[in-house]
């Protein structure tokens with residue numbers, strides 16, 4: 005069994021498609037397919053159920069995927085350790101982030117990291133907190149910026165910021181003219197909210213349940229701008245982090261008397277690569293408003 009075979013196998017498993025996996029690995033599909041077939045012969049078991057549209061893992065394939073990811077991660081860590089001794093950073097750094105990350109200006113931090121460490125290939129994935137946490141847990145992300153409530157005890161969590169939730173509503177709504185509103189006053193209002201995979205959705209659900217508000221979510225969206233558009237044109241109200249108020253929108257923002265807090269955190273496995281450790285230090289510096297060190 006060769007390292008390249010495991011890399012090809014993981015690519016096919018994650019892409020669920022031989023052509024996309026070959027494109028991702030920058031190899032001919034025929035060569036990738038031959039490598040997978042040789043691996044199946046060596047292991048004495050089929051790893052994929054193949055169809056004309058996609059491929060699915062067999063039971064043997066699912067078992068191998070767990071160990072293959074672990075083995076590849078160990079090899080990457082070994083390479084990182086040697087590079088770190090030489091004063092170099094190399095390899096791949098996979099980062100996940102929720103939308104509208106307020107705690108740190110991630111594009112600026114990643115740009116500075118790339119400038120200082122060009123030998124590290126950066127990969128960024130944007131998704132809801134639930135998906136990002138699962139990807140860190142599975143070893144597919146080195147670190148992720150998430151809403152803190154979505155993280156289990158098996159991962160390392162470092163809180164970056166905390167901000168209150170505020171009410172977002174259409175300007176025509178009577179609540180829009182208020183200086184502040186209590187959560188209980190929102191009973192009966194239709195809501196616009198993010199999909200259940202979003203960590204902010206958890207914060208809102210808990211806060212309203214505590215206030216005794218049994219709400220109806222009329223519109224579910226998967227991005228911040230859509231949420232504010234639907235709210236601004238009166239299709240429902242929303243509870244959002246205060247930092248959303250800085251975005252161009254027709255919606256009006258009103259403080260909550262009993263405002264719940266939304267915490268943003270960075271999540272990693274218990275051990276991290278040298279590249280991830282350097283990026284985490286840069287994030288902390290950026291969060292403090294310090295110039296990012298080289």
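In the working numbering, the protein residues as written are 5 to 298.
Beta carbons: idealized from backbone N, C-alpha and C, even for Gly.
All values derive from a computational prediction rather than experimental measurement.
Going by the CB atoms, is the gap between residue j and residue i shorter than 8 Å?
i           : j           : result
residue 110 : residue 149 : yes
residue 223 : residue 258 : no
residue 146 : residue 215 : no
residue 240 : residue 194 : yes
residue 144 : residue 101 : no
residue 5   : residue 71  : no
residue 77  : residue 17  : no
With respect to the beta strand (DSSP E) encompassing residue i, which residues constitute its N-terminal and C-terminal limits?
i           : result
residue 248 : From DSSP, residue 248 is part of no beta strand (DSSP E); its letter is neither H nor E.
residue 26  : First-last for residue 26: 22 to 29, but that is the alpha helix (DSSP H), not the beta strand (DSSP E).
residue 222 : 220 to 225
My output table needs one value for residue i: the three-state DSSP class, helix, strand or coil.
i           : result
residue 178 : helix
residue 39  : helix
residue 200 : coil
residue 54  : strand
residue 264 : coil
residue 95  : strand
residue 61  : strand
residue 2   : Residue 2 is absent from the structure shown; the chain starts at 5 and stops at 298.
residue 275 : coil
residue 297 : No answer about residue 297 holds up, because its pLDDT of 39 lies below 50 and its placement is not dependable.
residue 290 : helix
residue 75  : helix
Could you spell out the range, first to last residue, of the alpha helix (DSSP H) harbouring residue i?
i           : result
residue 233 : 228 to 236
residue 10  : 7 to 19
residue 112 : 110 to 120
Three CB pairs or more closer than 8 Å across the stretch 239 to 251 and the stretch 161 to 175: yes
List in chain order: all unbroken alpha helix (DSSP H) runs of 4+ residues lying wholly within the stretch 126 to 187. 133 to 141
Could you say if the stretch 153 to 167 and the stretch 229 to 238 meet the contact criterion of at least three C-beta pairs nearer than 8 Å? no
Validate contact between the stretch 79 to 87 and the stretch 268 to 282 using beta carbons, cut 8 Å, 3 pairs: yes
Does the structure place the stretch 176 to 185 close enough to the stretch 116 to 131 that three or more beta carbon pairs sit under 8 Å? no
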